[in-house]
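Worksheet for the structure shown next.
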Amino acid sequence: MTNTTLHEEQGLTHYPTSSAGILPFTSSTPFTMGIELELQLVNRRNYNLASDAVDLLTWIEPRELQKQIKLEMTQGMIELNSGIHTRVDELIEELKDLRGALNNGAQYLNIDVSGGGAHPFQHWNEQRITPSERFYHLHEKYGYLAKTFTVFGQHIHIGVANGDDALYLTHAFSRFVPHFIALSAASPFYQGADTKFDSSRSNVVRAFPLSGTAPVQTRWAEFETYYDELLQMGIVASMKDFYWDIRPKPEYGTVEIRVCDTPLTIEHAAHLGAYAQLLARWILTERPFVMRDDFYLLYQYNRFEASRFGLNGMLALHGETPATSSKLPIFEHLLLQLQLLQPYVQNEVEELTLKRLRHMAHNRLSDAGWLRQAFAQRGSLNDMMRLSSELWMDRSPPSYFQ
């Protein structure tokens with residue numbers, strides 16, 4: 430990954446062609462990681478979303494951090510972009526600095542900041558599109574979907590050496606999408622109701638026409654041909670038009686995981702990035718999967734189970750024959766995978782990542798559970814959001830799985 434933050438410019442982007450290919454892949458250092466976090470801005474009267482993102486950006490100090498704090502589709506959202514890291518503890522320290530700058534800016538506007546995958550009682554029709562050529566274009570193109578996209582996710586970037594490795598990792602990561610959804614699930618409430626899902630956010634994303642999964646291609650040259658066909662047809666203008674759960678990012682030299690809700694704390698977000706880093710080491714070393722036409726046969730079922738039931742969902746495992754196919758609770762599958770990753774741990778903080786995730790799996794803990802517990806104790810979604818913002822802004826004790 431190049432020495433930049435993980436964010437594209439707000440303008441409409443058209444990637445350059447070159448003699449090296451239609452969509453050149455920028456080589457980056459394998460297994461480096463970075464994350465993006467979409468955060469909720471809430472007022473202090475009733476903790477509904479506050480349309481203050483544009484004003485907030487002007488209050489960010491020191492000014493150079495404005496490069497890492499970005500506007501999003503609607504004005505109740507703000508995005509943090511990390512730098513590029515090899516160690517999760519260094520990522521956490523950077524995120525703390527970014528959070529501090531964001532918290533200080535928020536004080537001038539009398540607003541708070543919160544994690545979580547969806548605001549529990551905002552109404553999509555009340556949201557304001559952020560002034561930007563690109564966002565206005567998306568609103569015109571997608572209609573009301575652009576405002577319903579006022580949901581909040583964590584994106585994880587993992588560096589890879591070349592396009593072929595990026596495609597293999599894109600497909601292989603899909604087998605662990607239930608893990609990432611269940612581990613990050615933080616949107617049980619939506620439009621004023623308990624949805625019965627641990628992650629309701631994931632259903633909103635699925636409404637976009639180019640959502641879902643990448644085509645089962647294993648060579649970057651094949652993918653370039655596919656991309657060029659859609660480009661010539663006017664279906665896409667850039668890679669940003671693919672809303673896939675996992676997608677290659679050739680301009681960064683990364684693979685991007687896009688299924689996570691934004692966690693309630695910085696620490697949890699960073700450890701999810703470290704889990705992706707460990708998985709990538711294992712995947713690109715062991716090459717455990719064969720990419721066939723039926724590779725995504727059970728994907729939608731497994732994705733639903735994780736969104737609906739979190740770590741208690743059931744994972745369908747596709748065997749060579751129907752007799753060898755099986756189902757396993759997601760938390761059990763996660764525990765088995767954590768054992769396989771043990772030899773790939775390189776330092777004490779990665780050991781902490783595995784310990785933390787084992788604790789979550791054994792006890793079936795999640796941010797969705799924390800939010801439901803806070804609502805049960807307080808009896809108010811407003812008060813639940815106040816507690817959530819205190820947790821994110823580091824004004825209260827850590828959540829129960831820290």
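Count along the sequence shown starting at 1, add 429, and that's the number in my numbering.
Glycine is no exception: its CB is placed at the ideal position from the N, C-alpha and C atoms.
Keep in mind it's a predicted model, so treat the numbers as computed, not measured.
| Item | Value |
| --- | --- |
| When you compare each of T458, L470, R516 and T455 to E819 by their alpha carbons, which one comes out closest? | L470 |
| Comparing alpha-carbon positions, which option in L726, Y681, L701 and F804 lies nearest D690? | L701 |
| Just to confirm my understanding: we take N532, look at its own chain, exclude 5 residues before and 5 after, and list those with CB closer than 7 Å. What are they? | V542 and M822 |
| Specify, as a first and last residue, the run of the alpha helix (DSSP H) that D526 falls within. | V517 to Y537 |
| Could you tell me which of R793, Y476 and Q504 sits nearest to D484, measuring between CA atoms? | Q504 |
| Can you tell me where the beta strand (DSSP E) with L726 in it begins and where it stops? | Neither: L726 is in no beta strand (DSSP E) and is coded neither H nor E. |
| Excluding five sequence neighbours on each side, which residues of the same chain lie with their C-beta closer than 8 Å to the C-beta of E523? | S511, G512 and H514 |
| Return the CA-CA distance between S613 and L800, expressed in angstroms with no decimal places. | 12 Å |
| Let me know the secondary structure DSSP gives T599 once reduced to three states. | helix |
| By how many angstroms is the C-alpha of T642 removed from the C-alpha of D657? | 18 Å |
| Run through DSSP, which three-state label would A614 get? | coil |
| Beta-carbon separation of I686 and I675 under 7 Å? | yes |
| Note the first and the last residue of the continuous alpha helix (DSSP H) segment covering N811. | L810 to W821 |
| Please look up how many angstroms separate the CB atoms of V517 and I587, rounded, as I've assumed it's under 8 Å. | V517 to I587, Cβ: 13 Å. No contact. |
| So for I912, helix, strand or coil by DSSP? | Outside the shown range of the chain (430 to 831) lies residue 912, about which nothing can therefore be said. |
| How about T782 and A703: are their beta carbons less than 7 Å apart? | yes |
| Among N731, S480 and L509, whose alpha-carbon lies nearest the alpha-carbon of L494? | L509 |
| Enumerate in chain order the residues of its own chain whose CB-to-CB distance from A611 is below 6 Å, with the five nearest sequence positions on each side excluded. | A735, G739, L740 and I759 |
| Applying the 10 Å Cβ sphere with the 16-neighbour rule, what's the burial state of S447? | With a pLDDT of 34 at S447, under the threshold of 50, the predicted position of this residue should be treated as unreliable, though the coordinate-derived value follows. Classification of S447: exposed, given that the 10 Å Cβ count is below 16. |
| From which residue to which residue does the alpha helix (DSSP H) around R563 run? | E562 to Y571 |
| When you compare only the Cα positions, how much space is there between L816 and G748? | 45 Å |
| Could you tell me the boundaries of the beta strand (DSSP E) in which E555 lies? | Where E555 is concerned, there is no enclosing beta strand (DSSP E), given that its DSSP letter is neither H nor E. |
| Could you spell out where the beta strand (DSSP E) holding E465 opens and where it closes? | M462 to N472 |
| Using only the alpha-carbon positions, how far apart do E780 and L707 sit? | 10 Å |
| Taking the alpha-carbon positions, what's the I585 to V688 distance? | 9 Å |
| Could you give the first and the last residue of the continuous alpha helix (DSSP H) run that contains T487? | A482 to T487 |
| So, for N776: in the same chain, excluding its five sequence neighbours on each side, which residues have a beta-carbon less than 7 Å away from its beta-carbon? | R516 |
| Might you give, ordered along the chain, the residues of its own chain that have their beta carbon closer than 7 Å to the beta carbon of L693, omitting 5 neighbours on each side? | G544, G545, A615, D796, W799, S817, L820, W821 and S828 |
| To the nearest angstrom, report how far apart L566 and E467 are at their CA atoms. | Here the sequence assigns His to residue 566, which means Leu is not the residue at that position. Rounded to whole angstroms, H566 to E467 spans 20 Å at the Cα level. |
| Is any beta-carbon of chain C found at less than 7 Å from that of E819? | This model lacks chain C altogether, as it is built from one protein chain only. |
| Taking the straight line between their C-alpha atoms, what separation do you get for N554 and R648? | 42 Å |
| Output the boundary residues of the alpha helix (DSSP H) element that contains E508. | Per DSSP, E508 belongs to no alpha helix (DSSP H); it is in the beta strand (DSSP E), M506 to N510. |
| Starting from the C-beta of V633, find all residues in its chain whose C-beta is less than 7 Å away, skip the five residues before and the five after it, and write them out in chain order. | T577, F578 and V580 |
| Does P772 come out as helix, strand or coil in the three-state DSSP assignment? | helix |
| Verify whether the separation of the beta carbon atoms of R630 and A709 is less than 7 Å. | no |
| Check D623 in the structure and name its three-state DSSP category. | strand |
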